[in-house]
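Read top to bottom, the protein sequences are chains A and B. Going letter by letter, the first sequence gives residues 42 to 279 in my numbering. Going letter by letter, the second sequence gives residues 4 to 333 in my numbering. Note that CB positions come from ideal geometry on N, CA and C, so glycine has one too.
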Amino acid sequence: MSDEQLEKSKILLVEDEENLAHGLEYNLSEEGYLVTIARDGKEALKYFDENDFDLIVLDIMLPYFNGFEIAKHVREKHPQMPILMLTARTQVEDRVKGLELGADDYLTKPFHLKELLLRIKGMLKRKNWYQKVVIENPIYIFGNNEINFENLKCSKDKNEFQLTSYEAMIMKYLIENKDKVVTRKELLENVWNMNPDIETRTVDNFIARLRKHFEDDPSNPKFIVSVRSAGYMFQIQD
Amino acid sequence: MRRKHSFVYNLVIFILAQLVWLSILLLWIYWYVKNNIIFEQVGEKASPQIVYDAPSVFPFVGGIVLLTGLSVSLVLIFRHLNIQLKLNELYDNFIANVTHELKSPLSSIQLYLETLNTRNVPEEKKKEFYGLMMRDSERLKKLVNSILEIAMMDKKKFNREFEVYKADETIKKIILESAEQFNLDPNIIKFSGDAGCDIMLDRNSIKTVFDNLVDNSIKYSVAPLEIMVKFKRSTKKTEIEFSDNGIGIPHDQIKKIFQKFHRIYDKDIPNVKGTGLGLYVVREIIKNHKGKVFAFSEGKGKGAKFKIELPIYTEKKKSLRGNKKDFKNE
């Protein structure tokens with residue numbers, strides 16, 4: 042997907058710090074994105090419900106509804122919506138909570154403009170790639186599991202649950218590369234579009250969550266197996 | 004989670020300690036009574052002629068007193084621990100809030116600097132960005148100053164320049180300066196009443212008081228803001244009533260809002276930013292002026308009122324610092 046096609050992507054920017062919101066709006070508009078600013082949680086939910094967006098940049102500490110509550114609401118309505126959390130909080134619990142509630146990426150303040158723009162571009166690219174590959178093959182069945190890559194609804198035995206967009210993307214990537222070793226670096230570069238020198242633990246966290254979803258015994262995985270000092274591999278054992 | 008656990012842990016230890024204490028007390032009484040009976044029986048059988056001397060009551064009573072003392076100490080330790088836990092919790096919140104308050108303007112400054120460094124920004128926009136960066140650095144400066152001020156207050160080190168001023172004239176001017184600083188239209192502030200007296204104050208710290216009050220009024224208002232300032236005087240003090248039409252203060256919070264680090268967490272509050280230091284600073288400064296400050300609110304959505312009482316300066320009175328300063332007429 043070319044960069045030109047990413048332009049005109051609609052971004053909902055939820056940030057109550059006026060100066061920061063203004064600077065971000067300027068930069069995102071300069072990149073060709075169409076930006077809508079929400080100054081608090083109420084506005085964010087209203088704009089999200091009334092419009093179509095391609096991506097959400099979300100602060101956590103917000104008046105009325107915080108970023109976690111908004112992420113939850115967005116996920117319920119639109120499981121594939123990419124959410125980038127942008128926050129001053131650095132505690133691990135916040136990061137974990139954000140990712141659990143469905144944020145796809147997390148950037149702490151103060152951040153570098155270049156990094157932010159790269160991550161946004163990466164997220165939009167992946168969203169487009171994902172939408173394209175999913176049209177061809179929306180449902181995948183392995184073991185007792187069924188994944189619908191369109192609405193991200195899954196079932197294991199009779200239990201139904203929902204994947205976040207990143208979980209689905211990783212699963213899709215692993216399935217596309219079935220029986221091949223996928224390195225953490227590869228996942229970071231292709232799914233997160235991130236510098237692989239950092240954040241390798243993010244991959245492990247996501248893999249642990251996927252195992253919880255799909256494995257009978259997550260500590261002894263059968264589908265998403267670890268390959269020592271290489272990475273992960275998706276396989277279906279007979 | 005950790006805090007909840009430590010509270011439960013303390014409570015269990017406390018209850019166990021009380022049980023141990025109670026058991027020792029019961030054993031103590033049991034031992035005394037039993038021994039007393041044995042002494043009596045043995046004494047009577049062995050030699051009824053001997054005048055039986057029961058064990059002294061002193062160690063028995065003394066033991067009970069000591070055990071009771073131990074129990075009271077435990078209660079005090081338990082109380083102190085809980086206060087400490089509460090303070091720790093407030094302090095953690097404060098650190099999180101300060102981190103946020105420091106990082107937000109810093110991110111904004113960094114964003115504008117990187118924008119100016121990497122993009123071809125038109126001259127007009129550049130000027131606008133410089134202005135926004137200035138506002139952010141002002142915000143940082145204010146925050147750092149207030150933290151330093153708190154540190155000084157805690158050590159009871161004050162650097163105040165007390166001088167005599169005309170009460171209503173000076174306070175009015177200070178409030179209008181605060182309003183200007185926050186880009187408020189001065190017409191939304193209505194002044195009434197007349198103090199007609201002199202007061203001795205440190206202008207800079209009283210400015211901080213009204214900066215904090217005005218800032219709170221802005222933060223906690225949803226409708227178009229209105230501020231009312233009313234002056235009154237009695238024989239010994241002058242009263243300044245500062246009220247707004249903001250969202251008000253819940254009744255159960257009125258007493259707590261002047262505590263250090265205390266913040267109100269409420270879904271309906273339109274602003275979530277702050278350090279929990281503002282009103283604490285207000286109270287400490289007013290105290291340092293030998294005055295008092297009270298908060299009132301008829302409840303949520305009904306505005307907040309702060310009444311500040313400051314002593315009237317008379318010629319007979321010596322200055323608060325012992326040196327009479329020049330009379331200032333603003």
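Label residue i either buried or exposed according to how many other C-beta atoms from any shown protein chain fall within 10 Å of its C-beta, with 16 as the threshold for buried.
i: B:GLY249; result: buried
i: B:ARG286; result: buried
i: B:THR121; result: exposed
i: A:ARG116; result: buried
i: B:ARG5; result: Since pLDDT at B:ARG5 reaches only 48, below the 50 mark, its modelled position is unreliable, and no value is offered.
i: B:LYS106; result: buried
i: A:GLY73; result: exposed
i: B:GLN113; result: buried
i: A:SER280; result: This structure cannot settle anything about residue 280 of chain A, because the visible part of chain A is limited to 42 through 279.
i: A:LYS49; result: exposed
i: B:ARG266; result: buried
i: A:PHE247; result: buried
Considering only C-alpha positions, which residue in the set the options is nearest to residue i?
i: B:ASN291; options: B:LEU90, B:ASN207 and B:ASN186; result: B:ASN207
i: A:GLN172; options: A:GLY272, A:ASP257, A:LYS213 and A:GLY64; result: A:LYS213
i: B:VAL64; options: B:VAL36, B:PHE42 and B:VAL78; result: B:VAL36
i: A:ILE277; options: A:LEU99, A:LYS219 and A:ASN246; result: A:LYS219
i: B:PHE234; options: B:ILE315, B:ASP205 and B:LYS210; result: B:ILE315
i: B:LYS276; options: B:GLU126, B:PHE42 and B:ARG142; result: B:ARG142
i: B:GLN260; options: B:LEU282, B:THR278 and B:GLY251; result: Here residue 260 of chain B turns out to be Ile, not Gln, going by the sequence shown. The option with the nearest alpha carbon to B:ILE260 is B:LEU282.
i: A:PHE264; options: A:ILE216, A:ASN231 and A:ALA271; result: A:ILE216
i: B:ARG236; options: B:ASN215, B:ASN186 and B:LYS169; result: B:LYS169
i: B:PRO108; options: A:ALA144, A:LYS150 and A:ASP146; result: A:LYS150
i: A:TRP233; options: A:GLU72, A:TYR147 and A:PRO104; result: A:TYR147
i: B:ALA20; options: B:ASP271, B:LEU77 and B:ILE252; result: B:LEU77
i: A:GLU227; options: A:LYS162, A:VAL174 and A:MET274; result: A:MET274
i: B:SER195; options: B:LYS210, B:MET156, B:ILE243 and B:LEU228; result: B:ILE243
i: A:ILE211; options: A:THR224, A:LYS138 and A:LYS155; result: A:THR224
i: B:GLU104; options: A:GLU48, A:GLU58 and A:LYS51; result: A:GLU58
i: B:VAL284; options: B:ALA226, B:ARG163, B:LYS293 and B:MET156; result: B:MET156
i: B:LYS349; options: B:PRO227, B:THR211, B:LYS210 and B:GLY304; result: Any property of residue 349 of chain B remains undetermined from this structure, which presents chain B solely from 4 to 333.
i: A:LEU244; options: A:HIS119, A:ASN92, A:GLU48 and A:VAL137; result: For the sequence presented, residue 244 of chain A should be read as Val rather than Leu. Among A:HIS119, A:ASN92, A:GLU48 and A:VAL137, the Cα nearest to that of A:VAL244 is on A:VAL137.
i: B:ILE288; options: B:THR238, B:VAL212 and B:PRO62; result: B:VAL212
i: A:ASN2; options: A:MET122, A:SER267 and A:GLY64; result: No information on residue 2 of chain A is available, as it lies outside the stretch 42 to 279 that chain A covers here.
i: A:LEU193; options: A:LYS113, A:THR241, A:HIS119 and A:ALA112; result: A:HIS119
i: B:VAL296; options: B:ALA226, B:GLN262, B:GLY306 and B:GLU152; result: B:GLN262
i: B:LYS310; options: B:THR317, B:SER300 and B:PRO227; result: B:SER300
Taking Cβ to Cβ, would you say residue i is nearer than 7 Å to residue j?
i: A:LEU142; j: A:PHE109; result: yes
i: B:LEU313; j: B:ILE177; result: no
i: B:LEU280; j: B:SER149; result: yes
i: B:MET136; j: B:TYR115; result: yes
i: B:ASP171; j: B:ALA198; result: yes
i: B:LEU231; j: B:LYS175; result: Checking the displayed sequence, the identity of residue 231 of chain B turns out to be Met instead of Leu. It is not a contact, given that the beta carbons lie outside the stated cut-off.
i: A:GLU39; j: A:ALA62; result: Nothing about residue 39 of chain A can be read from this structure; chain A reaches only from 42 to 279.
i: A:PHE94; j: A:LEU53; result: yes
i: A:ALA144; j: A:VAL222; result: no
i: B:ASP214; j: B:PHE165; result: no
i: B:PHE185; j: B:VAL217; result: yes
i: A:ASN68; j: B:THR118; result: yes
i: B:ILE191; j: B:GLU229; result: yes
Please check if any C-beta of chain A sits within less than 7 Å of the C-beta of residue i.
i: B:HIS254; result: no
i: B:ASP139; result: yes
i: B:THR118; result: yes
i: B:THR102; result: yes
i: B:ARG5; result: At B:ARG5 the pLDDT is 48, less than 50, meaning the model places this residue with poor confidence; the figure from the coordinates comes in the next sentence. No, B:ARG5 lies away from the interface with chain A (no Cβ there is under 7 Å from its Cβ).
i: B:TYR115; result: yes
i: B:SER195; result: no
i: B:SER110; result: yes
So that I know if they touch, is there some Cβ in chain E lying closer than 7 Å to that of residue i?
i: B:SER107; result: In summary, chain E is missing from the structure at hand, where the protein chains are A and B.
Is residue i close to chain B? Criterion is C-beta to C-beta, closer than 7 Å.
i: A:LYS138; result: no
i: A:ALA85; result: no
i: A:ALA129; result: yes
i: A:LEU125; result: no
i: A:LEU61; result: yes
i: A:LYS150; result: yes
i: A:LEU154; result: yes
i: A:GLU58; result: yes
i: A:SER270; result: no
i: A:ASN68; result: yes
Does the pairing of the region 83-97 of chain B with the region 31-50 of chain B give three or more beta-carbon distances under 8 Å? no
Any 3 or more C-beta pairs closer than 8 Å across the region 68-79 of chain B and the region 23-40 of chain B: yes
At least 3 beta-carbon pairs within less than 8 Å: the region 181-201 of chain A vs the region 252-263 of chain A: yes
Under 8 Å, with one C-beta from each stretch per pair, do the region 172-184 of chain A and the region 90-100 of chain A reach the 3-pair mark? no
Can we say the region 125-135 of chain A touches the region 79-87 of chain A, given the rule of at least three CB pairs closer than 8 Å? no
Counting Cβ pairs closer than 8 Å, one from the region 209-227 of chain B and one from the region 236-255 of chain B, do we hit at least three? yes
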